Structures are given as structure tokens and as C-alpha cells.
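Note sheet for the following structure.
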Amino acid sequence: MARARKKNRPRRAAASQEQQLLLDQLKDVAAAIGVEVREERLARGLGYTVRSGPCRINGREVLFLDSTAPIDERINVIVEFLSERDLDGIWLEPRLRRLLKGTDDPGQVAGTGDSA
Numbered sequence: 208m209a210r211a212r213k214k215n216r217p218r219r220a221a222a223s224q225e226q227q228l229l230l231d232q233l234k235d236v237a238a239a240i241g242v243e244v245r246e247e248r249l250a251r252g253l254g255y256t257v258r259s260g261p262c263r264i265n266g267r268e269v270l271f272l273d274s275t276a277p278i279d280e281r282i283n284v285i286v287e288f289l290s291e292r293d294l295d296g297i298w299l300e301p302r303l304r305r306l307l308k309g310t311d312d313p314g315q316v317a318g319t320g321d322s323a
């Protein structure tokens with residue numbers, strides 16, 4: 208019996224520990240303002256597109272992140288979401304506050320950007 212051929216799919220780069228730590232910290236910030244962050248495989252079908260983003264479920268704000276998306280994309284979605292919220296009453300590490308105010312690059316904060 209012949210073996211089934213595997214499709215040649217591009218492999219996603221494994222998330223670095225720094226990127227995962229950053230994502231976890233951003234999720235904690237969202238939780239501190241009462242937003243649930245859920246990483247789920249977002250179904251796609253013929254004729255419609257599903258993507259990461261916020262929605263309301265039973266009056267609660269939920270931010271969905273596509274678990275199949277690269278980690279840098281998930282970080283960018285949550286950064287964009289949180290940057291539009293009032294976070295003045297929440298203590299944040301200075302690097303996170305700069306990131307959310309748009310003065311730092313997520314790659315720099317996660318230790319993946321150029322240091323030049």
C-alpha cells in the first residue's frame with residue numbers, strides 16, 4: 208500500500224519564548240480591563256472570511272485570536288485592540304506601555320527585532 212503524500216505546507220516558525228511571554232502579558236492586560244481573550248481556530252468557509260478581532264457575547268467583550276495565525280500577527284491584533292483602550296488606571300511595565308502607545312515595535316519588545 209502506498210503512503211499518502213504530505214502536502215508541502217510552509218512551516219510556521221516556532222514562537223520564541225519572548226514572543227509567548229509578550230502575548231501572555233498582553234492577555235493579562237486585557238483581563239485587567241475585563242476583556243476575555245480566546246485563542247481558537249477560526250473556521251473559514253466558502254464565501255466568508257473570519258479573522259481575529261473583538262466581539263460581544265452576552266454583553267461581555269471578547270477578543271478572538273486565530274490560533275492558526277503566526278504569533279506576531281496575534282500580538283499585533285491584541286496590541287491594536289488594547290491601544291484603543293484607556294489603560295491609565297492599570298500598572299504596566301514601561302516597555303508594554305510604550306508598545307501600546309505606539310512608540311515601540313512589537314519585535315523590539317519581544318526581543319525579535321533589529322537592535323540597530
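In the numbering used here, each number is its position in the sequence shown, counted from 1, plus 207.
Glycine included, every Cβ here is placed at the ideal spot set by N, Cα and C.
Fair warning: this is a prediction, and the values are worked out from it, not measured in the lab.
Would you decide whether residue i is buried or exposed? Buried here means 16 or more other CB atoms lie within 10 Å of its CB.
i	result
Val-257	exposed
Ser-290	exposed
Lys-234	buried
Thr-310	exposed
Pro-217	Caution applies to Pro-217, whose pLDDT of 48 falls short of 50 and renders its modelled position unreliable; the value that the coordinates give is listed next. So Pro-217 ends up on the exposed side.
Arg-281	buried
Gln-224	exposed
In terms of DSSP beta bridges, what is residue i paired with?
i	result
Gly-260	Phe-271
Gly-252	Tyr-255
Taking just the CA atoms, how far does residue j sit from residue i?
i	j	result
Leu-228	Gly-266	29 Å
Arg-305	Leu-272	22 Å
Asn-283	Leu-299	18 Å
Phe-288	Glu-246	15 Å
Leu-294	Leu-253	39 Å
Ile-297	Ala-239	8 Å
Ala-237	Ala-250	24 Å
Is residue i near the ligand ATP, going by C-beta to nearest heavy atom under 7 Å?
i	result
Leu-270	What this structure holds is no ligand at all, so the ligand ATP is not there to describe.
Of the choices the options, whose alpha-carbon is the least far from that of residue i?
i	options	result
Gly-241	Gly-309, Pro-277, Leu-270	Leu-270
Gly-260	Leu-253, Thr-310, Val-286	Val-286
Asp-231	Ile-278, Lys-308, Gly-296, Arg-263	Ile-278
Thr-330	Glu-268, Ile-264, Arg-248, Val-236	Past the boundaries of the shown model lies residue 330; the chain is included only from 208 to 323, so the question cannot be answered.
Cys-178	Tyr-255, Leu-307, Val-244, Ala-250	Coverage of the chain is limited to positions 208 through 323, which leaves residue 178 absent and any answer about it impossible.
Residue range of the alpha helix (DSSP H) that residue i falls in?
i	result
Glu-287	278-290
Val-236	224-239
With residue i as the anchor, note down where its beta strand (DSSP E) starts and where it stops.
i	result
Glu-300	Note, Glu-300: premise wrong, no beta strand (DSSP E); not H, not E.
Val-242	From DSSP, Val-242 is part of no beta strand (DSSP E); its letter is neither H nor E.
If you measure from the beta carbon of residue i to each beta carbon in chain B, is any gap under 8 Å?
i	result
Asp-295	The structure shown contains no chain B, having only a single protein chain.
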